[in-house]
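Asker: Residue numbers (this note's numbering), protein chains in the order written: chain W, 1 to 189; chain F, 1001 to 1189.
Where is the CB? At the ideal position from N, CA and C, for every residue including glycine.
Here it is: the structure, laid out below.
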């Protein structure tokens, strides 16, 4: 499953140069959620200080595998022809330009998920990612013509694939099983 | 973590007698999703025939622990005072009648999640459960007066607690580690 093509420097070191990537800038509109809401979300998922430490370790293991992880996700998505219209043209034919444009942002999402401080920028950017899958902003960043929204149920369902496949990537650098468990289950009571 | 009070027969064997429990009856209004949508959801989470078999094994391990699992969930929820208004009175004071009325349905949800066929009744009932947490139907089943909706982000966040704590319950009957892994990660590519 693991793809050993290293993640490009653009993604690991210079994300601000990725076209359409706006994390932490004033191009991202504010989330209606506050830092109090964020504290509550952290409590709701039972995210502890130990988990936050495990997440930082995760970043070290995953950062240069991000490109391979997203390639693997896309291979899985490609097995489902009815999904093609969300990332290709509306009739499902491929749109290589759109795929190439969105790839480094998707790669960087993995690194951001492990490394970005949980603050107002984080809230704002999570919302921005959601909007870019919804009728509000789908296709706008890359001026693409794919279907105008991804139903949220498919985004939620795909978390199962992300979580299940993460284990192989977390183990790929030879971390002891106990550490793999710890990184995989953060947040974990 | 495991509570060894056995799940009552009402929940394991006679769920149709649980007040307000309507699974598979004509009291549940139809989901707008079709069986085609359901097939797509199964593909989206990568649910295989092996996973469906693992889920049936899971039912055997969890059925008589359902009461203890929900008790554990509620203990965790009780650690978060800002949550009290969703299950107690709006000011957060306890509402033991409402808690007692909703408990057997919550217990039964665990068994249903592992045992019910994935068909139109399943789609309809998942929607019904969602509606009962939303402004459409919150409080109506038990004529309670708690806050009029649970924000969806807290429902989604709580899946992390359900997933992480499931492992201990899956292992509680002495299943070999390999089987615990298989049951815990279904769906699993």
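Please tell me whether residue 1185 of chain F has its Cβ less than 9 Å away from any Cβ of chain W.
Answerer: yes
Asker: I'd like to know whether the C-beta of residue 113 of chain W is nearer than 9 Å to at least one C-beta of chain F.
Answerer: Not one beta carbon of chain F lies nearer than 9 Å to the beta carbon of residue 113 of chain W.
Asker: Are the C-beta atoms of residue 1154 of chain F and some chain W residue less than 9 Å apart?
Answerer: yes
Asker: Would you mind giving the Cβ-Cβ distance between residue 1104 of chain F and residue 1018 of chain F, rounded to the nearest angstrom? I have them listed as a contact below 8 Å.
Answerer: 5 Å
Asker: Cβ of residue 1052 of chain F less than 9 Å from any chain W Cβ?
Answerer: Taking Cβ atoms only, chain W never reaches closer than 9 Å to residue 1052 of chain F, which makes this a no.
Asker: Excluding five sequence neighbours on each side, which residues of the same chain lie with their C-beta closer than 6 Å to the C-beta of residue 98 of chain W?
Answerer: 142 and 144
Asker: So the candidates are F/1010, F/1016, F/1166 and F/1146; which of them puts its Cα closest to the Cα of residue 1092 of chain F?
Answerer: F/1146
Asker: Closer than 8 Å by C-beta to residue 1114 of chain F: which residues in its own chain qualify, once you throw out the five before and the five after it? Chain order, please.
Answerer: 1055, 1056, 1058, 1059, 1062 and 1063
Asker: Kindly indicate which three-state DSSP category residue 24 of chain W falls into: helix, strand or coil?
Answerer: coil
Asker: Compare the Cα-Cα distances from residue 8 of chain W to each of W/182, W/67, W/181 and W/180 and report the closest residue.
Answerer: W/67
Asker: Classify residue 100 of chain W as buried or exposed, calling it buried when 16 or more other Cβ atoms lie within 10 Å of its own Cβ.
Answerer: exposed
Asker: Starting from residue 1162 of chain F, trace the alpha helix (DSSP H) both ways and give me its first and last residue.
Answerer: 1152-1171
Asker: Contact criterion: CB-CB distance below 9 Å. Does residue 1046 of chain F meet it with respect to chain W?
Answerer: yes
Asker: Among residues of its own chain, excluding the 5 on either side of residue 1127 of chain F, which ones have a beta-carbon nearer than 7 Å to its beta-carbon?
Answerer: 1031
Asker: Taking residue 65 of chain W as part of the alpha helix (DSSP H), name the residues at either end of that continuous run.
Answerer: Premise fails: residue 65 of chain W is in no alpha helix (DSSP H) and is neither H nor E.
Asker: In this structure, does DSSP put residue 1018 of chain F in helix, strand or coil?
Answerer: coil
Asker: Please report the residue range of the alpha helix (DSSP H) in which residue 1109 of chain F lies.
Answerer: 1096-1115
Asker: Rounding to the nearest angstrom, what Cα-Cα distance links residue 1139 of chain F and residue 36 of chain W in this structure?
Answerer: Rounded to the nearest whole angstrom, the C-alpha separation of residue 1139 of chain F and residue 36 of chain W is 26 Å.
Asker: Cβ of residue 43 of chain W less than 9 Å from any chain F Cβ?
Answerer: Answer yes: the Cβ-Cβ gap between residue 43 of chain W and chain F drops below 9 Å somewhere.
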